[in-house]
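Asks:
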Amino acid sequence: MLQRSITDWFSAHARELPWRSPNRTPWGVLVSEIMLQQTPVVRVLPRWQEWLDRWPTPAALAAEPAGEAVRAWGRLGYPRRALRLHAAASKIVADYDGVVPGTVEELKSLPGIGDYTAAAVAAFAFGRKATVVDTNIRRVEARLFSGTALPAPSLSAAEMALAEAVLPEAVSDSVDWNAAVMELGALICTARSPQCQECPVRTECAWIAAGEPEPNYQPKGQPWAGTDRQLRGAVMAVLRAAEAPTPWEVFFRPAVQLDQAELSLPLKHLHALESEPSRLENILEGLLKDGLAERSEAGLALPR
DNA sequence: GAGACGTGGAG
DNA sequence: TCTCCAAGTCT
97 MLQRSITDWF SAHARELPWR SPNRTPWGVL VSEIMLQQTP VVRVLPRWQE WLDRWPTPAA
157 LAAEPAGEAV RAWGRLGYPR RALRLHAAAS KIVADYDGVV PGTVEELKSL PGIGDYTAAA
217 VAAFAFGRKA TVVDTNIRRV EARLFSGTAL PAPSLSAAEM ALAEAVLPEA VSDSVDWNAA
277 VMELGALICT ARSPQCQECP VRTECAWIAA GEPEPNYQPK GQPWAGTDRQ LRGAVMAVLR
337 AAEAPTPWEV FFRPAVQLDQ AELSLPLKHL HALESEPSRL ENILEGLLKD GLAERSEAGL
397 ALPR
């Protein structure tokens, strides 16, 4: 049967990832899920290991300033995730005696944890039955059951219903199913060039049966060069590298400051903004508002 | 609900 | 080089 084909494939081909190891902890799983949001496994691996070595429990992380979490986040991207993970650790200490809660509802109450992550932690860390729906599972189910090349840009109620309908009844089977379908999407049923000849359910795939039709929408581009996002990243790179508050002149007259090779690129981006000081002000304002930075007499720094 | 939010590898 | 996209969440 379909379910068995996929879970057998998983048994044979699953990657050995540290957050799947038998000695994993709920905290380790939670950290991995946050890091993996919109971020490839290969980039998460080293950061995850460092993070767990340094902060093996929520209490350990909560005991340090949020800025340390942001710094340790390094170049994983979306640094607000680091901030939220720190806040989640604090809430786990305050409300759950330092123990990661195990129900979807409790998990969703933590900052940075939405529908996907709550379900994933409940399933993979606690062995509970939960409908896990990530981009991999959406894509596999779109092809396998709906016969479309890609799921729509945003998650629909129909997709959720489908995911619930195909979730195996038994708790243990449901956990295996979630992990297996996700892995199938990550390794075989990929977005760009799926390896259908290696797929355990290629003979039952509605998309293949339909002749592998093209996607019926235009993927939205993600502009980057010259955007505020890029500049926020550049500012954060400077703050992460700094031991002390960074004077304002560094941002508004970057050409004259900081010559660390590591920062040459971020500073080059900032330098391009010298003609638009108001725009840079807005960007710094945004970082302050998001809590990713704090200001003092001396300048700008990561939050304490 | 559309848009904002980082980063770097692959095709 | 340039576009796509990777285990989403929040406003």
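Residues in the first sequence are numbered from 97 upward in steps of one, following the working numbering. All C-beta atoms, glycine included, are put in the ideal place defined by N, C-alpha and C. For clarity, every value in this text was computed on a predicted model and none was experimentally measured.
Name the residue from A337, G194, Q99 whose alpha carbon lies nearest to the alpha carbon of G163.
Replies: A337
Asks: Report yes if the C-beta distance between V189 and P175 is below 7 Å; otherwise report no.
Replies: Taking 7 Å as the cut-off, the beta carbon of V189 is found no closer than this to the beta carbon of P175.
Asks: Any idea which residues DSSP pairs R391 with across the strands?
Replies: As computed with DSSP, R391 is found in a beta bridge with L396.
Asks: Can you tell me whether K316 is buried or exposed? The criterion is at least 16 other CB atoms within 10 Å of its CB, across all chains shown.
Replies: exposed
Asks: Taking Cβ to Cβ, would you say V217 is nearer than 7 Å to V277?
Replies: In this structure, V277 does not lie closer than 7 Å to V217 by Cβ.
Asks: Specify whether the region 285–305 and the region 235–254 touch according to this definition: at least 3 beta carbon pairs, one from each stretch, less than 8 Å apart.
Replies: yes
Asks: So, helix, strand or coil for T231, using DSSP?
Replies: In this structure, DSSP gives T231 a helical state, which the three-state scheme calls helix.
Asks: What does a CB cutoff of less than 7 Å around T153 pick up in its chain, not counting 5 residues either side in sequence?
Replies: W123, G194
Asks: Do V297 and S101 count as a contact pair if the criterion is CB distance below 7 Å?
Replies: yes
Asks: Per DSSP, what kind of secondary structure is T135 in: helix, strand or coil?
Replies: coil
Asks: Alpha carbon to alpha carbon, how far is R150 from W169?
Replies: 12 Å
Asks: Specify, as a first and last residue, the run of the alpha helix (DSSP H) that N378 falls within.
Replies: 373–386
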